[in-house]
Amino acid sequence: MIKLVAFDLDGTIGDTIPMCIKAFRQAVSPYAGHLLTDREVVETFGLNEIGMIKSIVPEKWKQALCDFYFLYEKLHHECSEPYEGIPDLIAALRAKGFILALITGKGERSCRITLNEFGMEHDFDEILTGSEHENVKAQSLKLLLKKYDLLPAQCLYIGDAVSDVSEAGKAGVICLSALWGTTAKAEELKSINADYIFETVGELKNYLMKNTNHEPEEVSIP
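First residue of the sequence shown? That's 25 in the numbering used here, and the numbers climb one at a time after it.
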């Protein structure tokens, strides 16, 4: 039986990735000496904002980080609400007694800014943020499994990225792939996680309400 449901943040709970890229570009480009492309920014994903900035401007990262936080909070009005249906989904999961976790690659400060903007700062039992050194979502899942004495089959992870599938797999956890965001790589996700693809939040909610009282099949690591 599923006991814990964990969510990614950017691109899963809200359409924050375009705004993240915009804030990062505006903050870091002056220190990099050129206007950063989307590709340059996206290639740093998986690290928290400290690691992302250090990978591009290692000498001036502290100044760039201060600028990033200022711009990130200023621009967040461009994405002021979570995806439609997310609050209802979380409320429904809470009503069923699930442990709810947020596992994000974001740093603690940017995560807090987004949750406050969305009015979701009290929605999760556990919030685990990212590392400046590497993607640590698998480690975060393992920490929660250990803390709550759960088997991998008793946990689900919901994320929109290809890397979410592999990170969940490293922990033996099934990833439910969210395709409702503007930045999800739909075809790639369908090719590697075909049994767990969800086009809308409502579709995911229906699945969870119907299927979380049963043991899921063992997940294989991509």
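Don't be surprised by glycine CBs; every beta carbon is placed ideally from N, CA and C.
Would you please state the rounded distance, in angstroms, between the beta carbons of K130 and L33? I believe it to be under 8 Å.
6 Å
May I have the straight-line CA-CA distance separating R49 from F148, to the nearest angstrom?
30 Å
Quick one: using the 10 Å Cβ neighbour count with 16 as the cut-off for buried, is T153 buried or exposed?
buried
Sequence-distant residues of its chain with Cβ nearer than 7 Å to M43 (five each side left out)
L99, H100, E102 and C103
Short Cβ contact (7 Å threshold) for C179 with V189:
no
Please report the straight-line C-alpha distance between M144 and T36, rounded to a whole angstrom.
14 Å
Contained beta strand (DSSP E) runs [length at least 3] in the segment 84-167, N- to C-terminal order:
123-127 and 150-152
Can you give me the C-alpha to C-alpha distance between N230 and F31, rounded to a whole angstrom?
16 Å
Whole angstroms is fine: what's the gap from D112's alpha carbon to L139's?
16 Å
Quick check on DSSP: helix, strand or coil for L33?
coil
Helix, strand or coil for I77, going by three-state DSSP, please let me know.
helix
Sorted by chain position, which residues of the same chain lie with C-beta nearer than 7 Å to A47's C-beta, five sequence neighbours on each side aside?
F92, L95, Y96 and L99
Measuring from the CB of L28, is there a heavy atom of the ligand SAH at a distance below 6 Å?
Annotation note on the ligand SAH: not contained in the displayed structure, which lists no ligands.
When burial is assigned at 16 or more other CB atoms within 10 Å of the CB, is D184 buried or exposed?
buried
So T206 and D39 are supposed to be a Cβ contact under 8 Å. How far apart are they, rounded?
6 Å
How many angstroms separate the CA atom of K84 from the CA atom of I123?
40 Å
Considering just the uninterrupted stretch of the beta strand (DSSP E) at I198, what are its terminal residues?
I198 to A202
Would the beta-carbon of I77 fall within 7 Å of that of A88?
yes
Spatial neighbours of V186 in its chain, beta-carbon cut-off 8 Å, leaving aside the 5 residues before and after:
K209, E212, L213 and I216
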